[in-house]
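S.K.: Shown below is the structure under consideration.
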Amino acid sequence: MDGEPSEQETQLLQILREWSGNDDYCLSIEYGDGVWEIALSAAPGGKRSSARGSGRTFEEAWDSMAPSSA
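This note's numbering puts the first residue of the sequence shown at 656, with every later residue one more than the last.
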């Protein structure tokens with residue numbers, strides 16, 4: 656690891672920077688037993704959408720995020 660953020664980490668930072676105090680978002684990042692689990696849900700304009708992903712690395716979990724029913 657060279658200390659530079661990965662493309663996936665950069666995407667996460669961009670999302671966090673764009674969120675305002677009025678946005679309805681939920682982000683969960685968990686790591687256990689060698690597996691990363693990421694869940695992201697948002698309700699822009701009152702319509703809720705969500706995505707989940709998992710993987711052996713953060714990057715793999717981020718890239719595997721797919722829409723799910725929340």
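All residues carry an ideal CB built from backbone N, CA and C; glycine is no exception.
1) Using the C-alpha atoms, what's the distance from serine 704 back to alanine 725?
2) Do you know offhand how far methionine 720's Cα is from valine 690's?
3) For tryptophan 717, count neighbouring C-beta atoms within 10 Å of its own C-beta (all shown protein chains included) and say buried if the count is 16 or more, exposed if not.
4) How is the alpha helix (DSSP H) around alanine 716 delimited, first residue to last?
5) Cα-Cα, which of Asp679, Gly710 and Ile670 is closest to lysine 702?
M.R.: In short:
1) Bear in mind that the predicted position of alanine 725 carries a pLDDT of just 47, short of 50, making it too unreliable to give a figure here.
2) 14 Å
3) buried
4) 713-718
5) Asp679
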